[in-house]
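Chemist:
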Amino acid sequence: VIHAETTTAVDGMRAGATQVGEGVQRVTASKQILQRIKVEMDETIRRVEEISQASIGQNAAMAQLAENVRQVSAMTGASVSL
96 VIHAETTTAV
106 DGMRAGATQV
116 GEGVQRVTAS
126 KQILQRIKVE
136 MDETIRRVEE
146 ISQASIGQNA
156 AMAQLAENVR
166 QVSAMTGASV
176 SL
């Protein structure tokens with residue numbers, strides 16, 4: 096009886112150890128996937144920041160262009176008045 100109970104306990108421990116090993120493998124795989132996602136997210140954030148900075152530069156350039164057009168228009172209007 097004791098031998099059978101011991102065998103059952105050992106078998107249960109082995110099965111538990113196998114399940115723990117499989118769980119560790121899954122956690123390790125999940126960690127690697129999450130690390131790759133983080134790297135991709137960091138790259139995406141960097142690109143969005145670059146686009147944002149480029150947009151700010153374009154807005155400034157467009158404002159300058161609009162001001163130049165306004166000045167040319169004002170100068171043209173002044174010339175026509177003469």
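To convert a position in the sequence shown, counted from 1, into this note's numbering, add 95. Don't be surprised by glycine CBs; every beta carbon is placed ideally from N, CA and C. The structure presented is a predicted model; accordingly, all values stated were derived computationally and were not measured.
Tell me which residues share the same chain as I146 and place their Cβ nearer than 6 Å to its Cβ, disregarding the 5 neighbours each side in the sequence.
Modeler: none
Chemist: Could you check the C-alpha separation between E144 and G152 for me, to the nearest Å?
Modeler: Annotation: E144 to G152 spans about 12 Å, alpha carbon to alpha carbon.
Chemist: Quick one: grab the DSSP three-state call for V115.
Modeler: helix
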